[in-house]
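Everything in the sequence shown is counted per the numbering used here, starting at 2 for the first residue and increasing by one. Where a beta carbon is used, it is the ideal one built from N, C-alpha and C, also for glycine. Nothing here was measured: the structure is a model prediction, and the numbers come from that model.
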Amino acid sequence: MAKKGRNMAEKSTIEWTDATWNPVRGCTKISPGCKHCYAQVFAERFRGVPNHPYGQGFDLRLVPEKLGEPLRWKTPKRIFVNSMSDLFHPKVSAEYIAKVAEVMIQAPWHTFQVLTKRADRMADLLNTSLAFAASAPHIWWGVSVENQKHGVPRIAHLQRAKAKVRFLSIEPLLEDLGKLNLKGIHWVIVGGESGHGARPMSEPWVTALKIQCSKAKVPFFFKQWGGRQKSKAGRLLHGRTYDEMPIQVPLYSIQLNSGKFENRTV
Numbered sequence: 002m003a004k005k006g007r008n009m010a011e012k013s014t015i016e017w018t019d020a021t022w023n024p025v026r027g028c029t030k031i032s033p034g035c036k037h038c039y040a041q042v043f044a045e046r047f048r049g050v051p052n053h054p055y056g057q058g059f060d061l062r063l064v065p066e067k068l069g070e071p072l073r074w075k076t077p078k079r080i081f082v083n084s085m086s087d088l089f090h091p092k093v094s095a096e097y098i099a100k101v102a103e104v105m106i107q108a109p110w111h112t113f114q115v116l117t118k119r120a121d122r123m124a125d126l127l128n129t130s131l132a133f134a135a136s137a138p139h140i141w142w143g144v145s146v147e148n149q150k151h152g153v154p155r156i157a158h159l160q161r162a163k164a165k166v167r168f169l170s171i172e173p174l175l176e177d178l179g180k181l182n183l184k185g186i187h188w189v190i191v192g193g194e195s196g197h198g199a200r201p202m203s204e205p206w207v208t209a210l211k212i213q214c215s216k217a218k219v220p221f222f223f224k225q226w227g228g229r230q231k232s233k234a235g236r237l238l239h240g241r242t243y244d245e246m247p248i249q250v251p252l253y254s255i256q257l258n259s260g261k262f263e264n265r266t267v
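Printed below as a string of structure tokens:
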């Protein structure tokens, strides 16, 4: 149970992040990777519950009262932006997306991880109205890649975006993706689908991606094998865990007493 007054979003069980932040809630499905969306399953459990954050189920809506949340978290965190939605959904205005990005710029002691399936829209905005945030090293911009038909083309959109840090979330991995172009990609996450109806992931598909990342010198993070009970399947690949993260990008630490920021690199 969370401590009294503590926001549950401040802590996440997702292996590659520390916290989640959802200034948008809800989404609509656009590709096979969405079939067993964990966010939809969670949100729909609470449809109709009075005064619940997901009382409207998975219907898309803006939550402007959540915009300032990261500014109140003074301890540096990796923050998954919109774990329960897609910031670049067509029903989210460019103006509102810019407001979300402005908050991220104002909180450089955090690392923000933005993930979308609407890669074309993200790239267009990063090269225009979001250019002020595209070059920020503490904001990582990523796309989901689940298969060759729908997922792989998103990589090219990400590569044309003038972003400082780009990443791929290859989860759920639904098939062998073949040879990928990893130029300009700074991080790759791979994972299998979990929960009821989870589609299986083959070890050779994962191994092929690990080899490609090693050759391209791209950090590789293996999240999970997945399955109906993902904890039983674990996250070991070839007998070990892979928790690699992007390196040689600036990190920021806040000095609470002075209110100044110290820029350091790893």
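Asked: At which residue ranges does the region 32-88 contain complete alpha helix (DSSP H) runs of 4 or more residues, listed in the order of the chain?; Found: 39-45 and 70-73
Asked: Can you check the region 84-168 for any alpha helix (DSSP H) of at least 4 residues that lies completely inside it and give the ranges in chain order?; Found: 95-107, 120-127, 132-135 and 153-161
Asked: Going along the chain, which unbroken runs of the alpha helix (DSSP H) with 4 or more residues stay wholly within the region 197-227?; Found: 204-217
Asked: Express the C-alpha separation of phenylalanine 223 and glutamine 149 in angstroms, rounding to a whole number.; Found: 19 Å
Asked: Tell me the DSSP secondary structure of serine 232 in three-state form.; Found: helix
Asked: How about glutamine 213 and glycine 193: do their beta carbons lie closer than 8 Å?; Found: no
Asked: Taking only the alpha-carbon atoms, compute the straight-line gap between tryptophan 17 and glutamate 245 and give it to the nearest angstrom.; Found: 9 Å
Asked: Alpha carbon to alpha carbon, how far is alanine 124 from glutamine 114?; Found: 15 Å
Asked: Output the distance between the C-alpha atoms of glutamine 107 and leucine 72, rounded to the nearest integer angstrom.; Found: 8 Å
Asked: Mind checking which residues open and close the beta strand (DSSP E) that includes alanine 20?; Found: 20-22
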